[in-house]
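In what follows, a structure is listed as structure tokens, so that the remarks can point back to it.
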Amino acid sequence: MADQPEVVERPAGQEIIAPGYTFGTVTDQIAAVVLTRRTPLFWFACFAAGTGLLMLFLLSVTVLLAKGVGVWGIRSPVMWGFAITNFVWWIGIGHAGTLISAILLLLNQRWRNSINRFAEAMTLFAVACAGMFPLLHLGRPWLFYWLFPYPNTMNVQPQFRSPLVWDVFAVSTYATVSLLFWYVGLMPDLATLRDRARNRFGQIAYGVMAMGWRGSARHWSVYETASLLLAGLATPLVLSVHTVVSFDFTIAIVPGWHSTFFPPYFVAGAIYSGFAMVLALAIPLRAVYGLQGLITDKHLENSAKLMLATGLIVGYAYLLETFMAWYSGDPFEQAAFWNRMTGPYAVCYWSLLTCNILAPQALWFKRIRTSPVLLFISSIVVLIGMWLERYMIIVSSLAQDYLPSSWNLFHATRWDWFTYVGTIGLFMFLFFLFIRLLPMISIFEVRTLLPSAKVEREEVRG
Amino acid sequence: MTQAPSNAPYGLMAEFDNPTALVAAARAARAQGYHKLDAYSPFAIEELSDALDLHKNRLPLIVLVGGIVGGLTGFLLQCYITIWDFPINVGGRPLYSWPAYIIITFELTILFGALSAVLGLLALCGLPMPYHPVFNVPRFATASRNRFFLCIEAADPLFDAEKTTRFLETLQPKEVSEVAH
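Structure (structure tokens):
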């Protein structure tokens, strides 16, 4: 006989959790989104939009498989085009989720506790979207397993000295570890849902997923060790993934790609766009579900500060990149940057500088960091800017390399756009399914934020 | 589980409504000489692990072994393939090109380490375990919400239904209930 649920919504505070919550009310408020609360119209609208765009994605994939990758605008010399741009963009977005769940855990940043769950889900779904592009770009995606070493009758093996093979291992490890970390984080909350579910199906489904978790002290002590170890493993992993992605570029000798500072530059850009996505998801969600007491203005402000900091690193990288091109004395490197600034992709270059460097300077002002609407707008601007950055790096460098006789511009076809927008649909579809079926905020970690979670010393001795 | 006849209880369970009371109760039970006991809480409580001497576990060792096995797998796999199984001569460059193997070695170290952390967690916790006697207590559903439980198991040599109940009552619990098998 469980207590009756009591859902209490609290206004946003300046702290990481609004005052007045108890163990019971945080549990019920977060669980209610899944179990009892009426699904809001916002959810149906977003889920419908996501499903619609997912259908567009399936259509584009069908056309792609029927006709071949030529339906995309990839022509020599720009053979990477949208596919790799979108891959790098999506996988970068995922990075903020792992940063929040792993790095901020190790740094003991307790404010992460109420945003880590949906940020990790975001990571997982962003990696799923990212994975679509290299797979489809293979041309024959059903043969993807040729990328892995396995004994085969063709007697061939992957080339382990190629960054493209490193990428396969990095991204598949990242996807697997993110999934494991997310699932381990969910276990205690699945047990809560099992105990709170009213209908038989819910009890069985959540019960199977919770694996019989019962919150025993023995379990918790191993569990804490496991969380820390997984965080310790995920931290170098997340930094390595975008590093390996940047190796796809730096190991090649294409002008504009061949430089040693790509790894930190890419990782900073990844976290930058990831925090933009976290804000773009958190701001509407907390408003619709009345979660301002749990995802407070403090969370938005902290995320905005991290976005500003990583944005400044990205700005420094742009500056350094241009300086190094000039300082290298290499005429091809210099020409590549001159082409970016004044050539056919100049519009793209200057708009990405505006989106990524100029616009985020507004975040220096506290009034903007604490205004959800303005923050939402600036995060969308950053997401667009980061997409343009990847597009510019890939397309402008490939379109105009050493030999002017081989120059050719890239023109995206409608199938390029449909596939790209389609993966946004795939992301929304998965994300809103997650919002509906699983607790979007880690219930047990939010409980530890409550003042009553502290064991009082005096009473213990007494 | 004990070898006791089926009508004997699994243990006795006391319910508390705050973590401080639970930690105090766990300490008192240990001081009383009870050793087969477990506490249940909706979140991890560090003091509780202290009280029950639960700080040491073998998970770090499992993960270390997993990581080493992963790293060796990655490195040796690449050595075997690039040197013996499928050697590619590129302008006479050495077949054993270890710097190029580092990334995949690293990725497999992390992958195997993470897999052994999760499998080790499940193994050390004895999960999945669909049935456990504590679930027979109806109020136990609140252990995943806002209640804290201490269970003294019947397998404990000091366990005596009456005496243990009386002891648990002295800890000022909300309720003491018998846990059926």
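Taken in sequence, the protein lines are chains A and B. Take any residue in the first sequence, note its place counting from 1, add 34, and you have its number in this note's numbering. Take any residue in the second sequence, note its place counting from 1, add 141, and you have its number in this note's numbering. Beta carbons: idealized from backbone N, C-alpha and C, even for Gly.
Here the C-alpha atom of proline 314 of chain B lies approximately 31 Å from the C-alpha atom of leucine 263 of chain B. The secondary-structure analysis by DSSP pairs aspartate 179 of chain B across a beta bridge with B:Cys292. Glycine 249 of chain A reaches chain B at Tyr181, Ser182, Pro183, Ala284, Ser285, counting residues in chain order whose Cβ is nearer than 7 Å. Taking 8 Å as the threshold, the shortest C-beta distance from proline 485 of chain A to chain B does not fall below it. Burial of aspartate 435 of chain A is indicated by the presence of at least 16 other C-beta atoms within 10 angstroms of its C-beta.
In this structure, histidine 445 of chain A and valine 272 of chain A do not form a Cβ contact; the two beta carbons are roughly 35 Å apart against a cut-off of 8 Å. When DSSP states are grouped into helix, strand and coil, glutamate 156 of chain B belongs to the strand group. The Cβ-Cβ distance between valine 489 of chain A and proline 160 of chain B falls below 8 Å. Cβ contact annotation for glycine 131 of chain A (same chain, cutoff 7 Å, sequence separation greater than five): Ala153, Glu154, Met156, Thr157, Gly308, in chain order.
Residues Ala310, Ala314 of the same chain have their beta carbon placed closer than 8 Å to that of isoleucine 414 of chain A, with the five preceding and five following residues left out of the count. Excluding the 5 residues flanking it on each side, valine 112 of chain A has same chain C-beta neighbours closer than 6 Å at Val429, Leu432, Ala433, Phe444, in chain order. Here DSSP, grouped into helix, strand and coil, assigns arginine 72 of chain A to coil.
For glycine 58 of chain A, the neighbours in chain B by C-beta distance under 7 Å run, in chain order, Arg286, Asn287. Among the residues facing chain B, glycine 246 of chain A is included, as its CB has a counterpart in that chain under 8 Å away. Annotation: aspartate 331 of chain A to phenylalanine 399 of chain A spans about 14 Å, alpha carbon to alpha carbon. Within chain A, the C-beta atoms nearer than 9 Å to that of alanine 255 of chain B come from Thr207, Thr210, Val211, Leu214, Phe215, Leu263, Leu264, Leu267, Ala268, Leu271, in chain order.
Under a criterion of Cβ atoms nearer than 8 Å, the residues of chain A adjacent to glutamine 219 of chain B are, in order, Phe194. Under the DSSP assignment, valine 320 of chain B falls outside any alpha helix (DSSP H), being part of the beta strand (DSSP E) whose first and last residues are 316 to 320. When rounded, the separation of the alpha-carbon atoms in leucine 170 of chain A and tryptophan 124 of chain A is 15 Å. Taking the CA atoms as reference points, valine 275 of chain B sits about 29 Å from isoleucine 203 of chain B. For cysteine 163 of chain A, same chain residues with a beta-carbon under 7 Å away, outside a window of 5 residues either side, are Trp124, Thr457, Leu460, Phe461 in chain order.
Contact between phenylalanine 182 of chain A and glutamate 248 of chain B is ruled out by a C-beta separation of about 12 Å, above the 8 Å threshold.
Neighbours of threonine 157 of chain A in chain B, taken as residues at a C-beta separation under 7 Å, are lacking, since the least C-beta distance is about 14 Å. Fully contained in the region 409 to 473 of chain A are the following alpha helix (DSSP H) runs of length 4 or more, in chain order: 448 to 471.
Within the DSSP secondary-structure output, serine 250 of chain A pairs in a beta bridge with B:Tyr181.
Around the beta-carbon of histidine 253 of chain A, 16 or more other beta-carbon atoms lie within 10 Å, marking it buried. Buried is the label assigned to glycine 290 of chain A, since at least 16 other Cβ atoms lie within 10 Å of its Cβ. Under the Cβ distance rule, phenylalanine 227 of chain B counts among the residues neighbouring chain A, one pair being separated by less than 8 Å. Using a Cβ-Cβ cut-off of 9 Å, leucine 195 of chain B is close to Ala251, Arg252, Trp254, Ser255, Val256 of chain A, given in chain order.
When B:Glu156, B:Pro235, B:Pro150 are compared, the shortest CA-CA separation from valine 317 of chain B is found for B:Glu156. Nearest Cα to tryptophan 360 of chain A within the set A:Phe371, A:Ala351, A:Tyr352, A:Tyr350: A:Phe371. One finds nothing in chain B with a Cβ atom closer than 9 Å to the Cβ of alanine 446 of chain A; even the nearest lies about 32 Å away.
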